[in-house]
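Take a look at the structure set out below.
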Amino acid sequence: MFEKIKATAQFLKDKTQFTPEVGIILGSGLGGLVKAIDVKHTFDYSEVPNFPVSTVEGHDGKLIFGLLGGKNVVAMQGRFHYYEGYPMQEVTFPVRVMKLLGVKTVFLSNAAGGLNPAFEVGDLMIICDHINFFPENPLRGKNMDELGTRFPEMSQTYNAELIARAKKIATDYKIKFQSGVYIGSPGPTLETPAEYNMFRLLGADATGMSTVPEVIVARHAGMECFGISVITNLAKPADTDKPTSHEEVQNVAQVAERNMTVVFTELIKSL
2 MFEKIKATAQ
12 FLKDKTQFTP
22 EVGIILGSGL
32 GGLVKAIDVK
42 HTFDYSEVPN
52 FPVSTVEGHD
62 GKLIFGLLGG
72 KNVVAMQGRF
82 HYYEGYPMQE
92 VTFPVRVMKL
102 LGVKTVFLSN
112 AAGGLNPAFE
122 VGDLMIICDH
132 INFFPENPLR
142 GKNMDELGTR
152 FPEMSQTYNA
162 ELIARAKKIA
172 TDYKIKFQSG
182 VYIGSPGPTL
192 ETPAEYNMFR
202 LLGADATGMS
212 TVPEVIVARH
222 AGMECFGISV
232 ITNLAKPADT
242 DKPTSHEEVQ
252 NVAQVAERNM
262 TVVFTELIKS
272 L
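Taking my numbering, I'd label the letters of the sequence shown as residues 2 to 272.
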C-alpha cells in the first residue's frame, strides 16, 4: 500500500510541479467551495493512479490544486465512504497521498444530522472531538512506519488553536456557529430514533458517515486537523412523519457552504 501511495504522490508532483501545504476534503453538497480557489490543476479521480472513484450524488469526484487564502491547497471535491464498499485503507488513501505531497494541515467538512437539541438546520458546527463508531479503525493491520507510530495519541485530535481562530472569524463575520462532538458511523442507512437517542447519550452533538477515518489517518501522519459539520437535518425521534432525504441534505449544505467558505478561507489565510 505504501508503494501505491508513493506512486500516486509522485504522479501528481510530476504533473503539477505544485506543493500544497493545506489539504481540503469537501462533503456532500459542499463542493462549491472550490469556486473560491484560484485553480491551477484539476484531475478527475479516474485520472489519478490508485485513486478510488466517488459514487455518491453530491460528490463531484475531482482533485483540485490551487490557491486559497494565499496558500497552496489541494482540495477533494467529493470523498470516499466506507458504505460505498471501499475498505478503510482506500477510504483514507487520499489523506496519505496529501501527506507525501507536503500537506501539513487538513480541513474537513461534512453534512451531518444534528443531535444536540440546541442546533438548527443550517448551523455550522466546529468539531472539537469525535467518536469512532465505525466497525473498524483505518489503522488496523500492519503499521506504515514511514507515516506514523503504531499507537498514535489522540487527546488533541482537532487543533485547539485553529478552533479558537475559527470561532473568532465566525463571530467577526456574524456567522452563527456551534461547537461539539461528531460521531461517525458506517451507514448508509440514516439512524433510527433509538440510534439517535443512543448517540446523544454517548455524548455526540452531530452524526454522519465520514470524517473520522480521515482524521485518524491524518493524525497518525502528524498532520493538524480542523473540521466543520453543516447541520443539514435534525435528529428528532418524535418526528417520524418527517423523514430525511439525501436531496434535502444536499440542498441545506449548498446554502450553508457560503458561510463555511468564509470560515475556511479566513482560517487558511491565518496559517
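Glycine included, C-beta positions come from ideal geometry on N, C-alpha and C.
From the DSSP output, in three-state form, read off residue i for me.
{"i": "residue 274", "result": "Nothing can be reported for residue 274, as the shown portion of the chain is limited to 2 through 272."}
{"i": "residue 241", "result": "Bear in mind that a pLDDT of 48 at residue 241, under 50, signals an unreliable position, so the number given afterwards is only what the model happens to contain. Coil at residue 241, not helix or strand."}
{"i": "residue 78", "result": "strand"}
{"i": "residue 266", "result": "helix"}
{"i": "residue 271", "result": "coil"}
{"i": "residue 49", "result": "coil"}
{"i": "residue 234", "result": "strand"}
{"i": "residue 126", "result": "strand"}
{"i": "residue 112", "result": "strand"}
{"i": "residue 60", "result": "In this prediction, residue 60 scores a pLDDT of 47, lower than 50, which makes its location untrustworthy; the coordinate-derived value is nonetheless stated afterwards. In this structure, residue 60 counts as coil in the three-state DSSP scheme."}
{"i": "residue 120", "result": "coil"}
{"i": "residue 100", "result": "helix"}
{"i": "residue 277", "result": "The structure shown does not extend to residue 277, since the chain is modelled only from 2 through 272, so no value can be given for it."}
{"i": "residue 143", "result": "coil"}
{"i": "residue 137", "result": "coil"}
{"i": "residue 260", "result": "helix"}
To the nearest whole angstrom, what separates the beta carbons of residue i and residue j, a pair I think is in contact under 8 Å?
{"i": "residue 28", "j": "residue 211", "result": "6 Å"}
{"i": "residue 41", "j": "residue 12", "result": "Not really, about 16 Å apart at Cβ, beyond 8 Å."}
{"i": "residue 101", "j": "residue 236", "result": "So it is not a contact: roughly 38 Å between Cβ atoms."}
{"i": "residue 81", "j": "residue 51", "result": "Their Cβ separation, rounded to whole angstroms, is 12 Å, which puts residue 81 and residue 51 out of contact at 8 Å."}
{"i": "residue 232", "j": "residue 113", "result": "6 Å"}
{"i": "residue 74", "j": "residue 272", "result": "Not confirmed; about 10 Å, so no contact."}
{"i": "residue 153", "j": "residue 221", "result": "5 Å"}
{"i": "residue 21", "j": "residue 71", "result": "That belief does not hold up - the Cβ atoms of residue 21 and residue 71 are roughly 13 Å apart, past 8 Å."}
{"i": "residue 258", "j": "residue 33", "result": "5 Å"}
{"i": "residue 96", "j": "residue 10", "result": "Actually they do not touch by this definition, with Cβ atoms about 12 Å apart."}
{"i": "residue 167", "j": "residue 264", "result": "6 Å"}
In the DSSP output, what is residue i paired with across the bridge?
{"i": "residue 66", "result": "42, 75"}
{"i": "residue 225", "result": "106"}
{"i": "residue 132", "result": "184"}
{"i": "residue 54", "result": "Note: residue 54 sits in no beta bridge, so no partner."}
### Query
Which full runs of the alpha helix (DSSP H) of 4+ residues lie inside the stretch 145 to 223, going along the chain?
Taking only runs of at least 4 residues, the alpha helix (DSSP H) segments lying wholly in the stretch 145 to 223 are 161 to 173, 194 to 203, 213 to 221.
### Query
Would the stretch 143 to 151 and the stretch 159 to 176 be scored as touching if the rule is three or more Cβ pairs under 8 Å?
No, they do not touch.
### Message
Taking 8 Å as the cut-off, does the stretch 210 to 228 touch the stretch 107 to 114 (at least 3 CB pairs, one atom from each stretch)?
### Response
The stretch 107 to 114 vs the stretch 210 to 228: in contact.
### Message
Contact between the stretch 117 to 136 and the stretch 170 to 181 is defined here as three or more beta-carbon pairs at a separation below 8 Å; is this criterion met?
### Response
yes
#### Entry: At least three beta-carbon pairs within less than 8 Å, the stretch 194 to 207 to the stretch 221 to 228
no
### Message
Quick test of the definition: if touching needs 3 or more C-beta pairs under 8 Å, does the stretch 61 to 75 touch the stretch 44 to 52?
### Response
yes
### Message
Extract the residue ranges of the beta strand (DSSP E) inside the stretch 3 to 33, only unbroken runs of 3 or more that lie entirely within it.
### Response
23 to 27
### Query
If you pair each beta-carbon of the stretch 76 to 91 with each one of the stretch 130 to 139, do three or more pairs fall below 8 Å?
Flag = yes, the stretch 76 to 91 and the stretch 130 to 139 touch.
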